[in-house]
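**Q**
There are 2 protein chains.
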Amino acid sequence: MDKNRICELFKIKYPIVQAGMVWVSGQKLATAVSLAGGLGVIGAGSMHPETLQLHIQKLKQKTNLPFAVNIPLLYPEIDKIIEIVITENVPIVITSAGNPNIYTSKLKAHDIKVVHVVSSVKFAIKAANAGVDAIVAEGFEAGGHNGRDETTTLVLTPMVVSAVNIPVIAAGGIASGNAMAACFALGAEGVQVGTRFALSKESSAHISYINACINAGEGDTILTLKNTTPVRMLKNELYNQISILDQNNADKEAYLQLMGKGRAKKGIFEGDLKEGELEIGQVTAAINQVKTAKEIIDEMTVEFKKTVSYIHTINF
Amino acid sequence: MDKNRICELFKIKYPIVQAGMVWVSGQKLATAVSLAGGLGVIGAGSMHPETLQLHIQKLKQKTNLPFAVNIPLLYPEIDKIIEIVITENVPIVITSAGNPNIYTSKLKAHDIKVVHVVSSVKFAIKAANAGVDAIVAEGFEAGGHNGRDETTTLVLTPMVVSAVNIPVIAAGGIASGNAMAACFALGAEGVQVGTRFALSKESSAHISYINACINAGEGDTILTLKNTTPVRMLKNELYNQISILDQNNADKEAYLQLMGKGRAKKGIFEGDLKEGELEIGQVTAAINQVKTAKEIIDEMTVEFKKTVSYIHTINF
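Sequence order for the protein chains is A and B. Here the first sequence is numbered in the working numbering, starting from 1210 and rising by one per residue. Here the second sequence is numbered in the working numbering, starting from 1210 and rising by one per residue.
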């Protein structure tokens, strides 16, 4: 068996990519994940360009291991962000929420590996044609921004794997070694893990947000804001207000006005459980404990190996 | 490794259960699946009691192999149906959509194995406490009637496996051997397959419905009717009419009036693609060919074995 293509591409020990998450994944979490053998990712989405640069520099002071920056391509100061990742010699960039044709060749010309996040086969093919090195295929169960087709990780992953030749990283609903093994059975060569790391010791999220997620059960998250940009979040007072707009067939403007600016910061970083946007994945229902990034990666990889040994012996 | 508990329980060769599907799974499909080594299931949901009895008798004329009857517990003539499965010595009953406490002990007193379909951990525990022999845990991606929590198969399966001691059959989004292997990695000991068999040569569905499903792509099914009983179906003219009720915040009565009686029959059995209720799972997007039940089971089991061998050799 050849070496795993994701480990080769990123020069990492385990094919576990930490998701870039607003107000959650600064240099602290990214450093811990990279030190534990995964791919740590600084999420640029909630940072001013100068803040991002500071986070990159701090991470580089602590480790020489590979890491990535996640960049939502619709970011207002996108050109500054692109310049920073080039200047700072960031080895890997994960782009999302935008057109992969615009920046992929520029980044690759600077020897940066480029990964694009998609929620459909259609966009996976578009990203592959734009020349990205790998795809993150993210299912309906994932937290935060999500696709319109509502295709789940179980259904999406094998369809994307069949459609492209580059390696596919499955995302959405993966918080354990057995889910990781399941995704490898579907043809993925890596996994992107968000929710599990959002609820880690090194997460930048507010303790009230973390506790609310730890205590959440089945049905407590929902994919909402389908009339603007779909987001999965915990149901709370803000969600109730969104539901009222839904019931009133409100126009886009009303949603933009309700959401305003800083709702995610308020919820995730400041711990306002009522008025904040509590982005988190569905698998939060299965998570009952805060752990360190290292514990998470160690447990996932051990469980992965146990699981693949177990299913290899199934007898029927 | 012990023998697979689902194969032991049902006395079948492969732990593949065909889903009971209205207007799709009569004795023809059930017989073909049982003959191919899976568990064939006659769906009582769309049958008058005497029709069901006829289907059971026809199946028994063709094979002595185990089979099951799927009974939605909210069925109007439920007591007649229960008497028929007892009289006809049906070996296995799969119940859904209702309270497992009412009929489980009666069925078990007649030496019938009882399986209950759930979409949440809460109902899985309730069913286990009612004494059922196994659980079908059905995720958000499944076709037809569905749960309110929108938990996907990837997230639901391991939570149900952790919560009960009886074997768990994963359902929703499973149409291939690699998805089957994925579900076994999650702790399932069997899979229930609906959509793939709905689009088989032995399906009772109308050819127009089958072709519409075969041609459907990503995002072409949707979980709708959330205000009454959630159902996943192909988007069509009927779905557009449902959406208008949603937009108008219509009351339950308006939905019941729109859906009326016979919408599923019209769509699935009579092939009315505009006005019929075209129940089908999300994984229809990945299915491009009508096959026989035997081809489906043979391919799934061969692919399952290939997949578990492959992931056993993964090297990182």
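Ideal Cβ placement from N, Cα and C applies to all residues, glycine included. Values in this document were obtained by computation on a predicted structure and should not be read as measured data.
Residues of chain B with CB closer than 8 Å to the CB of A/Asp1358, please, in chain order.
**A** Here residue 1358 of chain A refers to the residue found at position 149 when the first sequence is read from its first residue. Near A/Asp1358 (Cβ distances below 8 Å), the residues of chain B are Glu1427, Gly1428.
**Q** Along the alpha helix (DSSP H) that carries B/Glu1486, what are the first and last residues, could you check?
**A** Against the second sequence, residue 1486 of chain B aligns to sequence position 277. First-last for B/Glu1486: undefined, no H or E at that position.
**Q** Could you tell me if B/Pro1285 is buried or exposed, where buried requires 16 or more neighbouring beta carbons within 10 angstroms of its beta carbon?
**A** For the purposes of this step, residue 1285 of chain B is taken as the residue at position 76 of the second sequence. With fewer than 16 other Cβ atoms within 10 Å, it is exposed.
**Q** Do you know how far the Cα of B/Ser1328 is from the Cα of B/Glu1359?
**A** Taking the second sequence and counting its residues from 1, one reaches residue 1359 of chain B at position 150. Taking the second sequence and counting its residues from 1, one reaches residue 1328 of chain B at position 119. The alpha-carbon atoms of B/Glu1359 and B/Ser1328 are separated by roughly 8 Å.
**Q** Could you give the residue range of the beta strand (DSSP E) that holds A/Glu1347?
**A** Counting from one through the first sequence, the residue named residue 1347 of chain A turns up at place 138. Here the beta strand (DSSP E) through A/Glu1347 covers 1343 to 1347.
**Q** In whole angstroms, give me the CA-to-CA distance for B/Ala1155 and B/Ile1290.
**A** Any question about residue 1155 of chain B goes unanswered here, given that chain B covers just 1210 to 1525.
**Q** Check A/Gly1426 in the structure and name its three-state DSSP category.
**A** The residue labelled residue 1426 of chain A in the question sits at position 217 within the first sequence. Of the three classes helix, strand and coil, the one that applies to A/Gly1426 here is coil, per DSSP.
**Q** Can you list the residues of chain B that A/Glu1350 reaches, using a CB-CB cut of under 7 Å?
**A** The residue you call residue 1350 of chain A lines up with position 141 of the first sequence. Thr1361, Leu1363, Val1364, listed in chain order.
**Q** Assuming B/Asp1429 and B/Ala1494 are in contact, meaning their beta carbons sit under 8 Å apart, how far apart are those beta carbons, in whole angstroms?
**A** Counted from its first residue, the second sequence places residue 1429 of chain B at position 220. Counted from its first residue, the second sequence places residue 1494 of chain B at position 285. Contact flag correct, Cβ pair sits at about 7 Å.
**Q** Beta-carbon separation of B/Ala1336 and B/Pro1309 under 8 Å?
**A** Translated into positions along the second sequence, residue 1336 of chain B becomes position 127. Translated into positions along the second sequence, residue 1309 of chain B becomes position 100. Yes, they are a contact pair.
**Q** What residues in its chain sit with their C-beta under 8 Å from that of A/Ile1506, if we drop five residues either side in the sequence?
**A** Indexing the first sequence from 1 puts residue 1506 of chain A at position 297. Around A/Ile1506: Tyr1223, Ile1225, Val1242, Ala1245, Gly1246, Gly1247.
**Q** What are the residues in the stretch 1315 to 1335 of chain A lying within 8 Å of chain B by C-beta distance?
**A** Ser1329, Val1330, Lys1331
**Q** How about A/Val1278: is its C-beta nearer than 8 Å to some C-beta of chain B?
**A** In the first sequence, counting from the first residue as 1, residue 1278 of chain A sits at position 69. Not closer than 8 Å to any Cβ of chain B, the Cβ of A/Val1278 fails to qualify, so no.
**Q** Can you tell me the Cα-Cα spacing of A/Asn1213 and A/Ile1334, whole angstroms?
**A** Counting from 1 along the first sequence, the entry for residue 1213 of chain A is found at position 4. Counting from 1 along the first sequence, the entry for residue 1334 of chain A is found at position 125. Going from the Cα of A/Asn1213 to the Cα of A/Ile1334 covers about 22 Å.
**Q** Closest Cβ-Cβ distance between B/Ser1234 and chain A: below 8 Å?
**A** For the purposes of this step, residue 1234 of chain B is taken as the residue at position 25 of the second sequence. No, B/Ser1234 lies away from the interface with chain A (no Cβ there is under 8 Å from its Cβ).
**Q** Of the choices A/Lys1317, A/Ser1417, A/Ser1305, whose alpha-carbon is the least far from that of A/Phe1332?
**A** Taking the first sequence and counting its residues from 1, the one referred to as residue 1332 of chain A is at position 123. Nearest to A/Phe1332 by alpha-carbon distance, out of A/Lys1317, A/Ser1417, A/Ser1305, is A/Ser1305.
**Q** Would you verify that the beta carbon of A/Pro1224 is, or is not, closer than 8 Å to some beta carbon of chain B?
**A** The residue labelled residue 1224 of chain A in the question sits at position 15 within the first sequence. Output row for A/Pro1224: interface = yes.
**Q** Is the stretch 1456 to 1466 of chain A close to the stretch 1396 to 1410 of chain A, with three or more CB pairs under 8 Å?
**A** These segments do not touch.
**Q** Taking Cβ-Cβ distances shorter than 8 Å, what residues in chain B pair up with A/Asn1458?
**A** In the first sequence, residue 1458 of chain A corresponds to position 249, counting from 1. Result: Gln1456.
**Q** With distance defined between alpha-carbon atoms, name the residue in B/Phe1349, B/Thr1240, B/His1354 nearest to B/Leu1282.
**A** Working through the second sequence from its first residue, we reach residue 1282 of chain B at position 73. It is B/His1354 whose Cα lies nearest to the Cα of B/Leu1282.
**Q** If I measure Cβ to Cβ from A/Ser1432 and keep anything under 8 Å in the same chain, skipping five residues before and after, which residues do I get?
**A** Here residue 1432 of chain A corresponds to residue number 223 of the first sequence, with the count starting at 1. Here residue 1432 of chain A turns out to be Leu, not Ser, going by the sequence shown. Same-chain partners within the cutoff: Phe1349, Asn1355, Glu1359, Pro1439, Val1440, Arg1441.
**Q** Quick one: what does DSSP say B/His1521 is sitting in, helix, strand or coil?
**A** Numbered from 1 along the second sequence, position 312 holds the residue referred to as residue 1521 of chain B. Three-state DSSP puts B/His1521 in a helix.
**Q** Residues in the same chain with beta-carbon distance under 8 Å from B/Asn1387, minus the five sequence neighbours each way, listed in chain order, please.
**A** Position 178 of the second sequence, counted from the start, is the residue given in the question as residue 1387 of chain B. Within the same chain, B/Asn1387 has close Cβ partners Glu1512, Phe1513, Thr1516.
**Q** Residues of chain B with a CB under 8 Å from the CB of A/Pro1367: which are they?
**A** Within the first sequence, numbered from 1, the residue matching residue 1367 of chain A stands at position 158. Simply Ser1385, Asn1387, Ala1388, Ala1495.
**Q** So B/Asn1279 and B/Gly1235 are in contact, right, with Cβ under 8 Å, and what is the actual spacing, rounded?
**A** Locating residue 1279 of chain B in the second sequence gives position 70, where the first residue counts as 1. Locating residue 1235 of chain B in the second sequence gives position 26, where the first residue counts as 1. In this structure B/Asn1279 is not in contact with B/Gly1235, their Cβ atoms being roughly 12 Å apart against a cut-off of 8 Å.
**Q** How should B/Ile1453 be labelled, buried or exposed, when 16 other C-beta atoms within 10 angstroms of its C-beta is the threshold for buried?
**A** Taking the first residue of the second sequence as position 1, residue 1453 of chain B is located at position 244. B/Ile1453 comes out exposed.
**Q** Quick one: which unbroken alpha helix (DSSP H) runs of 4-plus residues sit fully inside the stretch 1321 to 1376 of chain A? Chain order, please.
**A** 1330 to 1338, 1362 to 1372
**Q** Out of A/Glu1292, A/Lys1322, A/Ile1311, point me to the one whose CA is closest to A/Phe1276's CA.
**A** By 1-based counting over the first sequence, the position of residue 1276 of chain A is 67. When only C-alpha atoms are compared, the closest one is A/Lys1322.
**Q** Do you know offhand how far A/Glu1504's Cα is from A/Lys1237's?
**A** Position 295 of the first sequence, counted from the start, is the residue given in the question as residue 1504 of chain A. Position 28 of the first sequence, counted from the start, is the residue given in the question as residue 1237 of chain A. Cα to Cα, the separation comes out at about 15 Å.
**Q** Taking A/Ala1343 as the reference, give the member of A/Glu1411, A/Phe1219, A/His1257 with the closest Cα.
**A** Within the first sequence, the letter at position 134 stands for residue 1343 of chain A. Closest by alpha carbon: A/Phe1219.
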